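Asker: Heads up, this note's numbering is the position in the sequence shown plus 5, with the first residue counted as 1. The C-beta atom is built at its ideal place from N, Cα and C for all residues, glycine as well. These numbers come from a predicted model, not from an experiment.
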Amino acid sequence: METDFHRRIRAIAVSSFLLFAACVLVFAYASAPTTSFALPQEILRPGLRETEIVQSILGRLNRNRIAMPIPVDDAVGSLDHEIVKRFDCSSTDANFDSVDVRVRTRHVGWNRRVAVEHSMGTYYWNVEVVSRDRHETIRAHNWLMIDPRSTGVREAAFGTGEVTNEALLYHELLHGQLLISAMDTPKWRRAACSGRVRLGRERIQHSIINPAVSRYVRNRTERLGGASLYNVLRIVGVSD
Ligand SMILES: [Zn+2]
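#1: Mind checking Ser53: buried by the 16 CB within 10 Å criterion, or exposed?
#2: On the DSSP bridge assignment, give the partners of Val202 in chain order.
#3: Which term fits Ala43, buried or exposed, when burial requires 16 or more other beta carbons within 10 angstroms of its beta carbon?
#4: Please report how far the alpha carbon of Ser61 lies from the alpha carbon of Arg220, in whole angstroms.
#5: Secondary structure at Ile209, three-state DSSP: helix, strand or coil?
#6: I need the DSSP call for Thr127, collapsed to helix, strand or coil.
#7: Compare the C-alpha of Thr142 against each of Asn100, Ile75, Gly114 and name the closest.
#8: Cβ of Ile213 versus every heavy atom of ligand 1: is any distance shorter than 7 Å?
#9: Given a threshold of 16 other Cβ atoms within 10 Å of its Cβ, counted over all protein chains shown, does Ala161 qualify as buried or as exposed?
#10: Shortest alpha-carbon distance to Glu47 belongs to which of Pro191, Gly166, Arg154, Arg118?
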């Protein structure tokens, strides 16, 4: 059963990262196939510590998959390999006979100039659409950035500091997963077949993401004991 104490801690933990997680949606259309998609010069390689932090958080997310109301397997998988979807177009208003979708996510170095302002994490949908004859290829070269300074401090605090980091990364991965999942719906496929690729809207995504992340935090904090709960109060600056 949830106590007032648990409720309060969850509210603090959720509000402390909801304000600082963000997503960017970007499109590029190309009339001819391209072999590579240039990344802006500001995109950096992640540092060693930064990579360790993200790997640690990812490891815990994988171990606590049961706490996720919406699994993010494709988004996590896209950090390691390309997620490929292929479908034929059958509707009469289709501009193409078939569509390929390829989604890859790269963990890139934290860079305030590229990250969304005031965020501690940013997921960047970076989509290139190439059409040739009656075939369309939609390639997403996505980026994931996590601020190593603030997340590093919380990793060191263990307990609920770690859960707050999991919530931040889970939030960002949901920005990837929701759109990857939407690609399996007839509505999305029909739009893609007629040349109207839908990236979705952040506001709509957040109406799904925020409750899912709250649920994750709730499921995780319910299993934590008193010492860890004390830590989250300390981390977010609550004195009692
Ligand atoms: Zn977001």
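Answerer: Quick answer:
#1: A quick correction: the sequence has Leu, not Ser, at residue 53. Exposed, since its Cβ has fewer than 16 Cβ neighbours within 10 Å.
#2: Partner(s): none; Val202 has no beta bridge.
#3: At Ala43 the pLDDT is 45, less than 50, meaning the model places this residue with poor confidence; the figure from the coordinates comes in the next sentence. With fewer than 16 other Cβ atoms within 10 Å, it is exposed.
#4: 21 Å
#5: helix
#6: For Thr127, the three-state secondary structure derived from DSSP is strand.
#7: Asn100
#8: no
#9: exposed
#10: Arg118
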